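Letter by letter, the sequence shown follows residues -22 to -1, 1 to 495 in mature numbering (1 follows the signal peptide of the UniProt record, and there is no 0).
These notes are about the structure you will find just below.
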Amino acid sequence: MLSTRSFMLLFLSCIAVRMNLCFTGIHSSLKMLSINGHFEFDKVQFAARDFGNRYQYYPAAVLHPSSVSDIAMTIEHIWKMGPRSELTVAARGHGHSLHGQAQAHQGVVINMESLQDPQMQVHTRNFTYVDVSGGELWINILHESLKYGLTPKSWTDYLHLTVGGTLSNAGISGQAFRHGPQISNVHQLEVVTGKGDVVSCSKEQNSDLFYGVLGGLGQFGIITRAKILLEPAPTMVKWIRVLYLDFTTFSSEQELLISAENTFDYIEGFVIINRTGLLNNWRSSFNPQDPVQASQFKSDGKILYCLELAKYFHHTEDNIIDQEVTRLLSQLSYIPSTLFISEVTYVEFLDRVQVSAVKLQSKGLWEVPHPWLNLLVPKSKIKKFAEGVFGNILKETSNGPVLIYPLNKSKWDNRTSVVIPEEEIFYLVAFLTSAVPFSRGNNSLEYILAQNMRILEFCRTANLGAKQYLPHYTTRNEWQAHFGPMWETYVQRKKAYDPLAILAPGQRIFQKAKSLS
């Protein structure tokens, strides 16, 4: 008779053999596909990591596609294997997800940045748009479109992200109050569904898939191409920062600016808690309007609210733009001594986060855990949110920026899959924290995660009606509550376009071979 230890060793050995046979079968099966790109079965570590740097799920294979047909053929092959196969597929762009959403445990990860054919094309006849791969980076789109004096209308704060990645969420930055998120500025998409079908879709053609994929968290198809709307590009930017002590004044003036006909081109804000010497830190990039007054300003440990603004212009409009900025600022009640202005190129402004990213990378502080929390809070509850979170839950200096700025719901299309509050004006509040390895206290991952939970619990108990942006849940009930009335539509779209739940397993919304009811 076998001892308990011997039995366990035999059991684990059998499991290992079975997994080995399983992986061998997967490798053989995928190698049989006549694709133009190639599969990688050994060097797959990069596909098990993301910017969040908290989850690591190793895939069985990574597909480096050279064409859309490579992606379609791979998914169709897995689709035809049926529910008996546990293989799933995740599209990975620049790996900027936070909770392993672009990972596929023992599945296939598609390296979308390998997909570059056909090349990016800017169209200037009739109406202007750029036709790009879903794996293209926004920074490359910026540089290419500027050759024609054109630019996309809406951005994210960080441009080193892929088109497919941001369009699967929404794509928000300080221009969204005027132009809506990036998903509001798409003319047409090419999508590979969970059955391996390659489908062109737009508002007029296959519209249900078009709207479903936009903000759809990768659940209904992989975006392989997109036509992004363009507009004439400026060349220069007046970049402005001012401070407030009073949250009500700060938020009401943000709302005034995003509702005005003639206003700034970019409007964001952030919260500053227990930060000393802040204005001195700005001096390397900004010029104080009144250097003497700025040098005398003391925050005394108070919570400050920074309004960040930008006005676009051309070199030939120097005099006009100064007058316009002065007029707009005269309507605001910020602390006069905290007015800082910088003049930079349009590219420098849009790619501003990359400067910080490079500095952090050089110090080894980029590839650390990023337990970010992004919320959309209705305007009617934003003051209550601020009172409960800033200076209460968030008592210490945040190890990363805390963004807060309003958006106009009228600039969003309610036919897309993204979930936003019901009110016409709502706020993005983003806690973009970084956890310092081996640290304790408020810099540790455990502390930040506990703080995030306290913020979410406060939103729930105070009945704020907040929604997560870049949402992360682990149970079906939580996802159902997140989508609310949209849940049934979401499930029906999943049944139509990915009935075996092959796509985007890292979102943890649906499980392969499980009922979608």
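Just so it is clear, CB atoms sit at the ideal spot from N, CA and C, and this is done for glycine as well.
Note that this is a predicted model, so its numbers are computed, not measured.
Spatial neighbours of Y290 within its chain, please: CB distance less than 6 Å, with the 5 preceding and 5 following residues excluded, ordered by chain position.
P212, V215, D243
Check whether the Cβ atoms of D28 and L76 lie closer than 8 Å to each other.
yes
When burial is assigned at 16 or more other CB atoms within 10 Å of the CB, is S111 buried or exposed?
buried
For V220 versus I382, is the C-beta distance shorter than 8 Å?
no
Alpha-carbon to alpha-carbon, W390 and P210:
Spanning the two alpha carbons is a distance of roughly 22 Å.
From V108, E246, T66, N258, pick the residue whose C-alpha is nearest to that of F318; which is it?
Ranking the options by Cα distance to F318, first place goes to N258.
Beta-ladder partner(s) of T140, from DSSP
L115
Using only CA atoms, which one of K276, Q271, V322 lies nearest to A288?
That would be V322, whose Cα lies nearest to the Cα of A288.
If P314 and N430 are in contact, beta carbons under 8 Å, what's the gap, nearest whole angstrom?
At roughly 36 Å, the Cβ-Cβ gap does not stay under 8 Å, so P314 and N430 are not in contact.
Is DSSP giving K280 helix, strand or coil here?
coil
Taking 8 Å as the limit between beta carbons, can you name the residues of its chain near D95, skipping five residues before and five after?
So the qualifying residues of the chain are S44, S45, S111.
Using DSSP bridges, identify the partner residues of residue 505.
Past the edges of the chain, shown from -22 to 495, lies residue 505, and the structure says nothing about it.
Residue nearest to S146 in terms of C-alpha spacing, selected from T411, G279, L187, I56
Per the Cα distances, L187.
Could you give the first and the last residue of the continuous beta strand (DSSP E) run that contains K216?
214 to 222
Give a yes or no on whether the C-beta atoms belonging to V108 and I201 are separated by under 8 Å.
No, the Cβ-Cβ distance between V108 and I201 is not below 8 Å.
Comparing alpha-carbon positions, which option in I161, T304, G369, K472 lies nearest K280?
G369
So the alpha helix (DSSP H) N297 belongs to, where does it begin and stop?
Looking at the DSSP string, the run of the alpha helix (DSSP H) that includes N297 is 296 to 307.
The beta strand (DSSP E) spanning E246 covers which residue range?
Counting along the chain, the beta strand (DSSP E) containing E246 begins and ends at 244 to 250.
By the three-class DSSP mapping on this structure, what secondary structure does G231 have?
The sequence given here has Glu at residue 231, not Gly. In this structure, E231 counts as helix in the three-state DSSP scheme.
Quick one: give me the first and last residue of the beta strand (DSSP E) that F318 is part of.
318 to 323
Validate contact between the segment 226 to 238 and the segment 124 to 141 using beta carbons, cut 8 Å, 3 pairs:
no
Relative to the ligand MN, is the shortest distance from any of its heavy atoms to the C-beta of S229 smaller than 7 Å?
Here there are no bound small molecules, and the ligand MN is not part of this structure.
Roughly how many whole angstroms lie between the Cα atoms of D476 and G190?
12 Å
Outcome for residue 521 when other beta-carbon atoms lying within 10 angstroms are tallied against a minimum of 16:
One cannot answer for residue 521 here, as it falls past the ends of the chain, which runs -22 to 495.
In the DSSP output, what is K205 paired with across the bridge?
Looking at the DSSP output, K205 bridges to D109, Q166.
Taking the beta carbon of I298 as the centre, do at least 16 other beta carbons fall within 10 Å, making it buried, or is it exposed?
exposed
Buried or exposed (CB count within 10 angstroms, at least 16 for buried), M51:
In this structure M51 is buried. Its beta-carbon is surrounded by 16 or more other beta-carbon atoms within 10 angstroms.
What is the DSSP secondary structure of H42, counted as helix, strand or coil?
strand
Should D48 go down as buried or exposed, given a rule of 16 or more other Cβ atoms within 10 Å for buried?
With a threshold of 16 other beta carbon atoms within 10 Å, D48 meets it and is buried.
Return the residue from the list V333, D329, Y283 that minimises the CA-CA distance to S311.
For the residues V333, D329, Y283, the minimum Cα distance to S311 belongs to Y283.
In this structure, what does DSSP give as the bridge partners for R70?
N89
Excluding the 5 residues preceding and the 5 following L11 in the sequence, name in chain order all residues of the same chain whose CB lies nearer than 7 Å to its CB.
Excluding positions up to five away in sequence, the list reads M51, T52, H55.
Are the CB atoms of A440 and G366 nearer to each other than 8 Å?
yes
Report the three-state DSSP secondary structure of A440 (helix, strand or coil).
Correct three-state label for A440: coil.
Applying the 10 Å Cβ sphere with the 16-neighbour rule, what's the burial state of L448?
buried
Three-state secondary structure (DSSP) at S178?
strand
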